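Under this note's numbering, the first residue of the sequence shown is numbered 4, with each subsequent residue one higher.
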Amino acid sequence: MLRKIPFKVLVGTAVFLFAVLLGTALSIGLGKKGGKQEPAPQEPAQEAEAIDVLLLNKNLKEALNVHKEITLRVLKIDTNAASEIWHVPNGMSIPNYMLRATKEIERHNGKVHWMKEIRNGYAALLRYESEQGIYPLTEIRIMDSLWLPNSSKLAVVLAVREQNKILRNKPEMLEKINFTYNLLIPSSRQDLLDIGKKLNTNIILWIPMESRNEMIYNTEKEVQIPLGITNEKELAERLNRHLKKIKNASGFAAFYGEDFLVHPASVEVLAKVLREKNLWFWDLTKSATAGLLSPDECVKKELRCRKNNLDIFEEFNEQVNKALKTARRNGRAILLFDLTEKNIELLAKLPGMAQAQGTSLVHAEEVF
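So this is what it looks like as structure tokens:
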């Protein structure tokens, strides 16, 4: 049979098959060689995760101002025992430390697995996790021997009534105040504003708004902001007439104004103006404002608001202690008193008390 096939055909066929086999072998060999050089697709991602883990731990300790670390030997069966203790300075409350820790962990794409306040508010247990898994239980413990400076803020505000005797007759008494404070002065009293400016004090304007429930002076009645302003431009212009009396006014307080602040349409326009002009607002009226500009409502409306009552009948030291405690726990607070000779004398001890717990005395704008 083979004898009938020409010799040339047999040679050509053999050469063709040899070439095919050789090409196949070469392609397989090159494929294997190239496969060895290709990097594993997960290796870069794993390396980045390891770096993130290191940054999370490092930055978390920096955010909490950890001054000392203690590693403990814990039995595996005891899942509620902390394996690490982080000592942090006093001057800031555990809830604030917990809030800082949560923000820093989330910033690094981690997640708080468990957190609990212990030791009567002087420590907290923290368990957190990342893509690498759950970290060991850590105790964050406040050190009484170390204080964190400027960890909280307290604004002292002295309210000036219409016929204030100190500002009118003895302004030099304010020179006894050797710390940062604020004067709350009615915007309708230009004479008092001029005295405050000469003293180079931080002035908060107390703008009168309509109130039929209070006996106010004719000067305030003439310039008070009335109900029923539905035009934002008109309200903004009225506020500007008051605000331009001091430089760089970033907010103001309500002087009386019970009727204005319970009038839904008026408050709605006021809220829009506050938001557009980025002004903070302080409600010092006696009666409730029906929640129209309460702190909770202001948060919803993206406004900076506070509500306090100037006519507080608590004893002086009780108010001071409460304000210092609030500053330490919440990070900020306001201490509000009438400008009187007695209060000036009593406030002389405040700087030392505030410094002892790491609280700074600041301008009111810094706590709104």
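Idealized CB from N, CA, C, for every residue including glycine. From a predicted model like this one, the values you see are computed outputs, not experimental measurements.
Rounded to whole angstroms, how far is the Cβ of residue i from the Cβ of residue j, which I believe are closer than 8 angstroms?
i    : j    : result
N62  : E107 : 6 angstroms
L264 : L296 : 6 angstroms
A256 : L287 : 5 angstroms
K289 : P298 : 17 angstroms between Cβ atoms; not a contact.
What would DSSP say about residue i, mapped onto helix, strand or coil?
i    : result
M95  : coil
G136 : strand
A256 : strand
I88  : strand
Y2   : No answer is possible for residue 2: it lies beyond the span of the chain, which begins at 4 and ends at 371.
E72  : strand
P332 : Correcting the residue identity first, residue 332 is Arg in this sequence and not Pro. In this structure, R332 counts as helix in the three-state DSSP scheme.
E165 : coil
F371 : coil
T343 : coil
I108 : helix
E178 : helix
L151 : coil
K156 : strand
L375 : Absent from the model: residue 375. The displayed extent of the chain is 4 to 371, so no value can be given.
K119 : strand
L349 : helix
K114 : strand
R6   : In this predicted model, R6 has a pLDDT of only 48, less than 50, meaning its place in the structure is not dependable enough to derive any value.
G355 : helix
So is residue i buried or exposed if we call it buried at 16+ other beta carbons inside 10 Å?
i    : result
K250 : exposed
K247 : exposed
W117 : exposed
A53  : With a pLDDT of 45 at A53, under the threshold of 50, the modelled position of this residue cannot be trusted, and the question is left open.
E142 : buried
G355 : exposed
L33  : At L33 the pLDDT is 43, less than 50, meaning the model places this residue with poor confidence and gives no usable figure here.
Q193 : exposed
L25  : Low confidence applies to L25: its pLDDT is 47, below 50, so where it sits in the model is not reliable enough to give any reading.
I188 : buried
I198 : buried
V302 : exposed
S269 : buried
N167 : buried
T74  : exposed
G136 : exposed
L208 : buried
F258 : buried
L195 : buried
R144 : buried
F316 : exposed
R122 : exposed
E223 : buried
A233 : Residue identity differs from the one stated: residue 233 is Thr in this sequence, not Ala. That one is exposed.
L242 : buried
R110 : exposed
R331 : buried
L273 : buried
L102 : exposed
For residue i, tell me which candidate among the options has the shortest Cα-Cα distance.
i    : options                : result
E225 : S190, T343, T204       : S190
Q358 : T105, I145, N153       : N153
E368 : P174, L59, L186, L242  : L186
L282 : K304, D299, K289, H266 : K304
E87  : M95, E72, D194, L161   : E72
E165 : L277, L349, D341       : D341
T183 : S133, V160, R192       : V160
K352 : W285, K280, N324, I198 : N324
L177 : G361, V365, E348       : E348
D262 : N221, K280, N234, E213 : E213
P211 : Q227, A104, K200       : Q227
A336 : S155, N243, E65        : S155
N333 : A126, I169, L67, L157  : L157
P92  : V115, L102, I121, Y125 : Y125
I180 : N346, L196, A85, Y259  : N346
G231 : L208, P267, H245       : P267
T105 : E134, L59, M95         : L59
F319 : F371, R307, T329, L350 : L350
N83  : L102, A66, A127, N68   : A127
L327 : K200, I169, L364, W89  : L364
E344 : A162, A330, N234, F316 : A162
D147 : L170, P174, M95, K236  : M95
Beta strand (DSSP E) segments (min. 3 residues) lying fully within the segment 265-321: 283-286, 308-310
Beta strand (DSSP E) runs contained entirely in the segment 184-257, provided each spans 3 or more residues: 185-189, 205-212
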